[in-house]
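Note that the working numbering gives residue 1646 to position 226 of the sequence shown, counting from 1, and the numbers run on in steps of one.
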Amino acid sequence: MDIKKGIIDGDRIALAKLITMAEDGKKEAMDIIKELYHRTGNAYLIGITGPPGVGKSTLTAKLARAYSGLGKKIGIIACDPTSPYTGGAILGDRIRMQELFTDPNIFIRSMGSRGHLGGLSRGTRVAVRIMDIFGMDYIFIETVGVGQSEVEIADTADTTIMVLAPGLGDDIQAMKAGIMEIGDIFVVNKADREGAEKTAREIDTMLDFNEKSTWRPKVIMTVAQDNKGINDVLHAIEEHMKYIKDSGIFASKRKEHIKEEILELATQNIMSEIMTGLSKEELLGIVDKVAKREIDPYSASIDIIKPIKGGIQK
Ligand SMILES: Nc1nc2c(ncn2[C@@H]2O[C@H](COP(=O)(O)OP(=O)(O)OP(=O)(O)O)[C@@H](O)[C@H]2O)c(=O)[nH]1
Ligand SMILES: [Mg+2]
1421 MDIKKGIIDG DRIALAKLIT MAEDGKKEAM DIIKELYHRT GNAYLIGITG PPGVGKSTLT
1481 AKLARAYSGL GKKIGIIACD PTSPYTGGAI LGDRIRMQEL FTDPNIFIRS MGSRGHLGGL
1541 SRGTRVAVRI MDIFGMDYIF IETVGVGQSE VEIADTADTT IMVLAPGLGD DIQAMKAGIM
1601 EIGDIFVVNK ADREGAEKTA REIDTMLDFN EKSTWRPKVI MTVAQDNKGI NDVLHAIEEH
1661 MKYIKDSGIF ASKRKEHIKE EILELATQNI MSEIMTGLSK EELLGIVDKV AKREIDPYSA
1721 SIDIIKPIKG GIQK
C-alpha cells in the first residue's frame, strides 16, 4: 500500500497505518512526514482535560459531532488507557461512542501512555502532526488531568477546556492554583446533577482573582450525555480562537513550539552522534576513569563530544 498517496487521497486506513508506523519510530514514516510537512499548520488543537469520570469523552464526542455537522474534519486523540473509545469502559459507553466510529468526518485514535509518566507521549505529538497533514480542521486531545498532563496539554493545545462536575467542591479548592491557569474554557458537566450551579459560581469567583491574561475564561454548564450546552462550548471555542489569533498569541505560541522542537531534535541528534561514535567499551572505560577519580566528569563530557565537535554530518 502506498501510504503517502493514501494520506494525500484522504484514506483513513493509510492514516491509521502511518500513525502506528510513526509511533513505532519507523524511518519510512518519518520520511513521509518530512515530505508532507508543508501540509501542516492548519489544524486547530483543542485540549480536553479534567478529573477522572467528569464526562470528558462524552463531551468530546458531542463536540466532534457538532463540528462534523458543520462539515469539519475532526481528529480525536484519547491519551487514556481506560477510555470508552478503546472499549475499556462499560458497555453503555461503548455503544454511545459507536456513532463516532461511523462518522466519516471523525477519526479516533487512542494512545496508551506507553513509557511515559504523565504528560503527552511522543506518540501523541506525532499523531497530531499526521492528523494535521491529513487535513483535520480540529484535533481534540483528551487527557485525564492528573498532575503534569494538564499543564502539558495547556502548553500544547490552542484552546484548553477544563471539564469539571458538581460535587468536586473540595477538589476544586485543592486544584485551584493549578487549574485556574490551565483552562481557557471551563465546563461544568453533569449539570443535571445537584450543585452544578454552585460549582460554576465557585469557579467563576476564582477566575476573578486571575488577572494574568486579558482573556476571561467562560464557565459553561453542560449535560454532555443529553447534548445540552454543546453549542455554547463550541461558540466559546470559536471565540477563544478568534482572541488568540487576533492578539498574536496563536502565532507566537506556534513559533515557540517550533523552536522547542528544533532544539529537542538537535539534542537527540547530538546524543545519537555521540553514541554512534563511542563504543560501549570506550564509554565504560571513561566511566571507570571517573569512578577512580583519574578524571572528572566535566572533562569526560567534553572528551566524548570531541569527535562530533567538528560538525555533525547528516
Ligand atoms: N449524569 C450525567 N452523566 C454523564 C454526563 N456526561 C457523561 N456522563 C456519564 O459519566 C460517565 C463518565 O463519562 P466519560 O465521558 O467516560 O468521562 P471521562 O471524563 O472521559 O472519564 P475518564 O476518561 O475515565 O476520566 C459515563 O457513565 C457517562 O455516561 C452528564 O452530562 N450527566
Ligand atoms: Mg475519557
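For each residue, glycine too, the CB sits at the ideal point set by N, CA and C. Everything numeric in this text was worked out from a predicted model, so none of it was measured.
Closest Cα partner of residue i within the set the options
i: residue 1601; options: 1469, 1463, 1424; result: 1469
i: residue 1452; options: 1549, 1498, 1578; result: 1549
i: residue 1486; options: 1521, 1647, 1447; result: 1647
i: residue 1440; options: 1456, 1546, 1493, 1496; result: 1546
i: residue 1488; options: 1576, 1526, 1477; result: 1526
i: residue 1579; options: 1552, 1651, 1657, 1562; result: 1657
i: residue 1575; options: 1586, 1585, 1561; result: 1561
i: residue 1497; options: 1474, 1462, 1446, 1436; result: 1436
i: residue 1681; options: 1692, 1522, 1542; result: 1542
i: residue 1687; options: 1674, 1725, 1715, 1706; result: 1725
i: residue 1749; options: 1467, 1701, 1499, 1722; result: The requested residue 1749 is not part of the displayed model; the chain covers only 1421 to 1734.
i: residue 1673; options: 1630, 1587, 1577, 1458; result: 1577
i: residue 1614; options: 1636, 1623, 1586; result: 1586
i: residue 1696; options: 1633, 1728, 1668; result: 1728
i: residue 1428; options: 1555, 1530, 1528, 1443; result: 1555
i: residue 1650; options: 1617, 1446, 1478; result: 1478
i: residue 1465; options: 1457, 1710, 1581, 1700; result: 1581
i: residue 1653; options: 1480, 1689, 1443; result: 1480
i: residue 1471; options: 1457, 1618, 1484, 1565; result: 1565
i: residue 1678; options: 1457, 1637, 1638; result: 1457
i: residue 1523; options: 1607, 1483, 1462; result: 1483
i: residue 1641; options: 1671, 1605, 1461, 1675; result: 1605
i: residue 1552; options: 1495, 1668, 1635, 1621; result: 1495
i: residue 1499; options: 1609, 1521, 1530; result: 1530
i: residue 1430; options: 1630, 1493, 1633, 1637; result: 1493
i: residue 1622; options: 1663, 1691, 1608, 1455; result: 1608
i: residue 1690; options: 1425, 1722, 1583, 1421; result: 1722
i: residue 1636; options: 1438, 1603, 1671, 1446; result: 1603
i: residue 1445; options: 1476, 1544, 1421, 1475; result: 1544
Residue i CB to nearest heavy atom of ligand 1 below 7 Å
i: residue 1643; result: yes
i: residue 1613; result: yes
i: residue 1609; result: yes
i: residue 1470; result: yes
i: residue 1548; result: no
i: residue 1474; result: yes
Residue i Cβ short of 7 Å to ligand 2 heavy atom set
i: residue 1477; result: yes
i: residue 1443; result: no
i: residue 1562; result: yes
Terminal residues of the beta strand (DSSP E) in which residue i lies
i: residue 1529; result: 1526 to 1530
i: residue 1465; result: 1464 to 1469
i: residue 1498; result: 1494 to 1499
i: residue 1563; result: 1558 to 1563
For residue i, the first and last residue of its enclosing alpha helix (DSSP H)
i: residue 1487; result: 1476 to 1489
i: residue 1715; result: Here residue 1715 belongs to no alpha helix (DSSP H), and DSSP marks it neither H nor E.
i: residue 1426; result: 1423 to 1428
i: residue 1686; result: 1669 to 1696
i: residue 1543; result: 1542 to 1554
i: residue 1437; result: 1432 to 1443
i: residue 1451; result: 1447 to 1456
Minimum Cβ-Cβ distance from residue i to chain B less than 8 Å
i: residue 1618; result: Looking at the structure shown, chain B is missing, and only one protein chain is on hand.
Exercise. Which ranges would you report for the alpha helix (DSSP H) in the stretch 1585 to 1657 if only whole runs of at least 4 residues count?
Worked result: Complete alpha helix (DSSP H) runs here, min 4: 1589 to 1602, 1616 to 1628.
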